[in-house]
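S.K.: Okay, handing you the structure first.
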Amino acid sequence: MDYTKRYSGTFLRIDDCPVTVELWVADELNDSGEVGELSFPADSPVTIERSYQGKEEPVEGATLTVTVLSPGDRTYTGLYSIDPGMVRMDIFVDGNLYWRGLMDAETYSEPYERARDYEVSLQGTDFGILDRRRWEYGGGFMSVMDVVRRVLGVCALDDLPVDTGMISTTMSDGSALNLEDIVVNCENFINDEGEGLKLKEVLQGVLQPLGLHIRQCYGKVYIYDINGFRKGVPREIYWTADRQDLGVDRVYNTCRITFSPGMRSGNLFGADDDFDAPPTWFIRNIENHLNVPQIEPYSASADGREWLWWTIFGTNNGSKCDQYDNPGAAIMVRGGRDDDPVEVAAELGVRPLRIKSLNSGEDCAGIAVTWPSMVYTGMTGGGNPYYWHCNVRRWGVPVSSLLVPRSIAGAWTNAARRNELHRLMKTRTVSVGPTDAAYLKITMEMLFDGRLNPWEAVENNDTYNLWEWNSRKAKERIDKYAWMIRVPIRLLFRSHADGRIWMWQHFNQEAFKTQPVDTFGRWIEIADGGSATIREDSWSYLSYWENDREGQPAAGGWKTNRPHIFPGKYDIYETLKRAEGQYVYNPARDERIMSTGDIWLEVFDGDWIVGDDLERQPTIQHTWRYFSMSPLWVLFKLPKIEPVAGCFPEVEVNEEDIITEGVINKGAAEDIEISTICGTATGLYGARGIYIHQGRALETLCREGYTAGAEELLIRTLLSNYGHRHTVLSGEMRIPDFFGPMSEACQSPDARFIIGNSAEDIRMWTTDASVVEVSPDNYEQRKAADEPGVGVPPWSDVEQDKE
Numbered sequence: 004m005d006y007t008k009r010y011s012g013t014f015l016r017i018d019d020c021p022v023t024v025e026l027w028v029a030d031e032l033n034d035s036g037e038v039g040e041l042s043f044p045a046d047s048p049v050t051i052e053r054s055y056q057g058k059e060e061p062v063e064g065a066t067l068t069v070t071v072l073s074p075g076d077r078t079y080t081g082l083y084s085i086d087p088g089m090v091r092m093d094i095f096v097d098g099n100l101y102w103r104g105l106m107d108a109e110t111y112s113e114p115y116e117r118a119r120d121y122e123v124s125l126q127g128t129d130f131g132i133l134d135r136r137r138w139e140y141g142g143g144f145m146s147v148m149d150v151v152r153r154v155l156g157v158c159a160l161d162d163l164p165v166d167t168g169m170i171s172t173t174m175s176d177g178s179a180l181n182l183e184d185i186v187v188n189c190e191n192f193i194n195d196e197g198e199g200l201k202l203k204e205v206l207q208g209v210l211q212p213l214g215l216h217i218r219q220c221y222g223k224v225y226i227y228d229i230n231g232f233r234k235g236v237p238r239e240i241y242w243t244a245d246r247q248d249l250g251v252d253r254v255y256n257t258c259r260i261t262f263s264p265g266m267r268s269g270n271l272f273g274a275d276d277d278f279d280a281p282p283t284w285f286i287r288n289i290e291n292h293l294n295v296p297q298i299e300p301y302s303a304s305a306d307g308r309e310w311l312w313w314t315i316f317g318t319n320n321g322s323k324c325d326q327y328d329n330p331g332a333a334i335m336v337r338g339g340r341d342d343d344p345v346e347v348a349a350e351l352g353v354r355p356l357r358i359k360s361l362n363s364g365e366d367c368a369g370i371a372v373t374w375p376s377m378v379y380t381g382m383t384g385g386g387n388p389y390y391w392h393c394n395v396r397r398w399g400v401p402v403s404s405l406l407v408p409r410s411i412a413g414a415w416t417n418a419a420r421r422n423e424l425h426r427l428m429k430t431r432t433v434s435v436g437p438t439d440a441a442y443l444k445i446t447m448e449m450l451f452d453g454r455l456n457p458w459e460a461v462e463n464n465d466t467y468n469l470w471e472w473n474s475r476k477a478k479e480r481i482d483k484y485a486w487m488i489r490v491p492i493r494l495l496f497r498s499h500a501d502g503r504i505w506m507w508q509h510f511n512q513e514a515f516k517t518q519p520v521d522t523f524g525r526w527i528e529i530a531d532g533g534s535a536t537i538r539e540d541s542w543s544y545l546s547y548w549e550n551d552r553e554g555q556p557a558a559g560g561w562k563t564n565r566p567h568i569f570p571g572k573y574d575i576y577e578t579l580k581r582a583e584g585q586y587v588y589n590p591a592r593d594e595r596i597m598s599t600g601d602i603w604l605e606v607f608d609g610d611w612i613v614g615d616d617l618e619r620q621p622t623i624q625h626t627w628r629y630f631s632m633s634p635l636w637v638l639f640k641l642p643k644i645e646p647v648a649g650c651f652p653e654v655e656v657n658e659e660d661i662i663t664e665g666v667i668n669k670g671a672a673e674d675i676e677i678s679t680i681c682g683t684a685t686g687l688y689g690a691r692g693i694y695i696h697q698g699r700a701l702e703t704l705c706r707e708g709y710t711a712g713a714e715e716l717l718i719r720t721l722l723s724n725y726g727h728r729h730t731v732l733s734g735e736m737r738i739p740d741f742f743g744p745m746s747e748a749c750q751s752p753d754a755r756f757i758i759g760n761s762a763e764d765i766r767m768w769t770t771d772a773s774v775v776e777v778s779p780d781n782y783e784q785r786k787a788a789d790e791p792g793v794g795v796p797p798w799s800d801v802e803q804d805k806e
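The numbering used here puts the sequence shown at residues 4 to 806.
This is the structure we're talking about:
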């Protein structure tokens, strides 16, 4: 957001150091080009308060109160705004930025009985806005530091330097923990309803499992861990009042960390990934059979952006076929839109599709490649009998453009194949990463049929109904010849690390029997990923087939693709017979790739293979009988990409939470519970919440010489700081001129303190504060002499289990 300086004023600190307050307003609120002057009362014109939440809380915010003298009635009411973040508040000390925040301008009050020279308090916070804003940056993968920057941008802190010098955690190999290199899946910041989490939850979610804290002060944003903070050079506390108090920090019994890994299961495109639904009145017209459009008007507006529809008749209506009196289903198509989940080749005739069931079929959305419409039904012929007939017109892509050309001998051969294909449809991209499941299942239901109504069986045996006769013949040809259908596709993956594009390629097995593992295929690098026209056999197939050569065709009604097998085999493994969908290896986990990336699916024309194998002999496995029936319907439902943990049989992704527990002090009364959305876990795949480092799931980190998972290290940090009594000192002190550890003259030379609660009076340059003792991570069992039975237990008391 762009800001313009609206008010500015300066007062002197008690030591004559200048303190400047600046109020910057969003450009849309700036009603004047002038910079107004602020004047201040003598007592406490600027205070900054900080509330201590505990050593486990990562977001350490503060509240600013600026008290100004109003020169006239309602001078500052123009700063009122319901929208957060419209007014920025900067505090400069001796010319250097000391603190920045955003004004909480939703509530405002001032004395009403006086016309001028009354005090008005303006309040702001640095991280308070995070409770009112949600994650709106979509999914995909992003480094932890990029996530922090996005959040800081909402706080107007993104232009401040970020100091990470007090992070003591390292990678397991001893290299520094660089937040630029730790990647998270941002889909984890979106709930099941598609709404983003609050930004405070996001910031806490990426930092807390790593044991990190964030604080803004002295013109910087500090990200640190307690162990690293304590390692800094201390400065002694300077008390400015006669009285100080001594107390102790809280102690906990056990610590329980619940990691909700956000397991990625189900369709990665999302359950709600769909074309827009027609309005209610539109569906009502369909159900009442009103305003059925004629085919020629439809032809004139086929590229429109609104749904057009007509009905197909039900076949079971005596010997009469009439789409008006006895409709089976309504077919709706329209032109493509930019926000569609699938991009269609409108120039080739492909259209988005919706089907509304009336008496047959099912409600669904998908892609219409080829489809029929009926122009006229009636009777023809003279004398007796009369023949019912239908005039049918095909729309969309010509079938001849889809199928492999027919050879002279009536069989398909390599020589008959086209060497240039055109893209019919392309899905949107979805992100996958090394932490996702080992396999992805690709499914796309297809309807390949020659009957006008493919959802109803022809029950009447009326010799004089030509349409029924044709439907039966079409079904017979399907049953006899359409044992397998292969649809040319490209399943592509673009690496986020280097931008290289990889294509899934199936194997052409020469063995007599296809092994289940042979159906997984492999990933090969290609140079022309995403081209609308492809050449030179640079594609693969989705295969549609059934278990029996006769009676179980791959066409006729909705069919789901199956694992890719090679024709001409003697038998099919039983595990393959029971499987649906194409299983592929997760490319992000390929040793040659090991990177997050985007995956998408494309479907092409020109090399569709439909037929049966003439004989079950491997020597003629490239000879296919040509499928002579020209289909009326070629439709697809929207495709799915689903992570699965195992195949043959399929193993679903485990969605259980990961629980890590540890005993801190058995004598304490209270427990501490922490819920996280990011974390580490060994052997856990399919989780959106897993940290990623260099393309791999992050399993361990190191702090103070101890290597373990992030959750285990966090519990050990809390164990070191909540396992025995820690001193808390409170009183009025001089505001330190740095952020770092503090010492106290009467405490142990090794004792280190951090400022917890504080109320800074900037004019007096003092703060009424409490300082809390912090301890380094200590992984050795120890006991205090004056506290028998209290100490740090061995790590055997800490367990990590799945709930």
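Glycine included, every Cβ here is placed at the ideal spot set by N, Cα and C.
Between Val205 and Leu163, which are expected to be in contact by the criterion C-beta below 8 Å, what is the C-beta distance as a whole number of angstroms?
M.R.: Between Leu163 and Val205 the Cβ distance is about 19 Å, and since that is not below 8 Å, they are no contact.
S.K.: Find the nearest neighbour of Pro779 within the set Glu183, Ile229, Ser73 and Leu182, judged by alpha-carbon distance.
M.R.: Ile229
S.K.: Measuring alpha carbon to alpha carbon, tell me which of Glu577, Ala748 and Leu545 ends up nearest Arg565.
M.R.: Nearest neighbour of Arg565 by Cα position, chosen from Glu577, Ala748 and Leu545, turns out to be Leu545.
S.K.: Answer with buried or exposed for Glu645, where buried requires no fewer than 16 other C-beta atoms within 10 angstroms of its C-beta.
M.R.: Glu645 is buried by the Cβ-count criterion.
S.K.: With a threshold of 6 Å on Cβ separation, who are the neighbours of Thr66 within its own chain once the five nearest residues in sequence on each side are excluded?
M.R.: Glu52 and Thr128
S.K.: Hey, out of Lys203, Trp548, Arg431 and Trp374, whose CA is closest to Ile481's CA?
M.R.: Here the closest residue by C-alpha is Trp548.
S.K.: Let's test the definition: count the other Cβ atoms within 10 Å of the Cβ of Gly384 and tell me whether it reaches 16, buried, or not, exposed.
M.R.: Low confidence applies here, because Gly384 scores a pLDDT of 48, under 50, leaving its location unreliable; read the following figure in that light. Exposed: under 16 other Cβ atoms inside 10 Å.
S.K.: Is it a yes or a no for the stretch 692-712 touching the stretch 430-439, going by three-plus beta-carbon pairs under 8 Å?
M.R.: With three or more CB-CB distances shorter than 8 Å, the stretch 692-712 counts as touching the stretch 430-439.
S.K.: Quick check on Tyr725: does DSSP put it in helix, strand or coil?
M.R.: Reduced to three states, the DSSP call for Tyr725 is helix.
S.K.: Rounded to whole angstroms, what is the Cα-Cα separation between Pro264 and Val731?
M.R.: 36 Å
S.K.: For the alpha helix (DSSP H) that contains Arg233, what are its first and last residues?
M.R.: For Arg233, the enclosing alpha helix (DSSP H) begins and ends at Ile229 to Arg233.
S.K.: Can you check DSSP and say which residues form a bridge with Thr68?
M.R.: Thr50 and Gln126
S.K.: So what does Pro355 bridge to, in DSSP terms?
M.R.: DSSP, once it has assigned bridges, lists Ile370 as partnering Pro355.
S.K.: So Phe285 is in the alpha helix (DSSP H); what residue range does that whole segment cover?
M.R.: Thr283 to Glu290
S.K.: How long is the line joining the alpha carbons of Asp277 and Pro556, rounded to whole angstroms?
M.R.: 29 Å
S.K.: For the candidate residues Ser498, Val666 and Trp542, whose alpha-carbon lies nearest to that of Ile596?
M.R.: Ser498
S.K.: Going along the chain, which residues of its own chain have a beta-carbon closer than 6 Å to the beta-carbon of Gly250, five neighbours each way excluded?
M.R.: Closer than 6 Å at Cβ, skipping near neighbours: Val731.
S.K.: In angstroms, rounded to a whole number, what distance separates the CA positions of Gly532 and Val353?
M.R.: Computed Cα separation, rounded: 21 Å.
S.K.: Between the alpha carbons of Glu513 and Ile568, how many angstroms are there, rounded?
M.R.: No answer about Glu513 holds up, because its pLDDT of 47 lies below 50 and its placement is not dependable.
S.K.: Would you mind sorting Arg737 into buried or exposed? The rule is 16 or more other CB atoms within 10 Å of its CB.
M.R.: By the neighbour-count criterion, in which a residue is buried when 16 or more other Cβ atoms sit within 10 angstroms of its Cβ, Arg737 is exposed.
S.K.: Run the CB neighbour count on Ile489, radius 10 Å, all protein chains shown included, and call it buried at 16 or more, exposed below.
M.R.: The sequence given here has Arg at residue 489, not Ile. When all chains shown are included, Arg489 counts as buried.
S.K.: Which two residues bound the contiguous beta strand (DSSP E) that contains Met767?
M.R.: Note, Met767: premise wrong, no beta strand (DSSP E); not H, not E.
S.K.: Roughly how many whole angstroms lie between the Cα atoms of Pro2 and Leu200?
M.R.: As displayed, the chain neither begins before 4 nor continues past 806, which places residue 2 out of reach and without an answer.
S.K.: Looking only at C-alpha atoms, which of Ala754, Ser733 and Ile661 sits nearest to Pro212?
M.R.: Ile661
S.K.: Whole angstroms is fine: what's the gap from Met174's alpha carbon to Leu180's?
M.R.: Their Cα atoms are separated by approximately 6 Å.
S.K.: So is Ile667 buried or exposed if we call it buried at 16+ other beta carbons inside 10 Å?
M.R.: By the 10 Å Cβ count, Ile667 comes out buried.
S.K.: Could you please give the first and the last residue of the uninterrupted alpha helix (DSSP H) stretch that includes Gln207?
M.R.: Taken as a continuous stretch (DSSP letters only), the alpha helix (DSSP H) holding Gln207 covers Leu202 to Leu210.
S.K.: Would you say the beta carbon of Arg357 comes nearer than 7 Å to a heavy atom of the ligand HEM?
M.R.: The model depicted lacks the ligand HEM and carries no ligand whatsoever.
S.K.: Answer with buried or exposed for Phe496, where buried requires no fewer than 16 other C-beta atoms within 10 angstroms of its C-beta.
M.R.: buried
S.K.: Only counting the same chain, and skipping five residues up and downstream in sequence, which positions put a Cβ closer than 8 Å to that of Asp248?
M.R.: Leu732, Ser733 and Gly734
S.K.: Taking its Cβ as the centre, do 16 or more other Cβ atoms sit within 10 Å of Trp284, making it buried, or is it exposed?
M.R.: Exposed, by the Cβ-count rule.
S.K.: Taking only three categories from DSSP, how would you classify Met4?
M.R.: coil
S.K.: Taking Arg153 as part of the beta strand (DSSP E), name the residues at either end of that continuous run.
M.R.: Counting along the chain, Arg153 falls outside any beta strand (DSSP E), though it belongs to the alpha helix (DSSP H) covering Val147 to Val157.
S.K.: Rank Ser773, Thr578, Ala762 and Asp366 by C-alpha distance to the C-alpha of Thr50 and give the top, closest one.
M.R.: Ala762
S.K.: Return the chain-ordered list of same chain residues with a C-beta closer than 7 Å to the C-beta of Trp603, the five sequence neighbours on each side being excluded.
M.R.: Non-local beta-carbon contacts of Trp603 in its own chain, meaning distances under 7 Å to residues more than five positions away in sequence, involve Lys429, Thr430, Arg431, Thr432 and Leu495 in chain order.
S.K.: For the beta strand (DSSP E) that contains Leu249, what are its first and last residues?
M.R.: Boundaries of the beta strand (DSSP E) harbouring Leu249: Trp242 to Val251, taken from the DSSP string.
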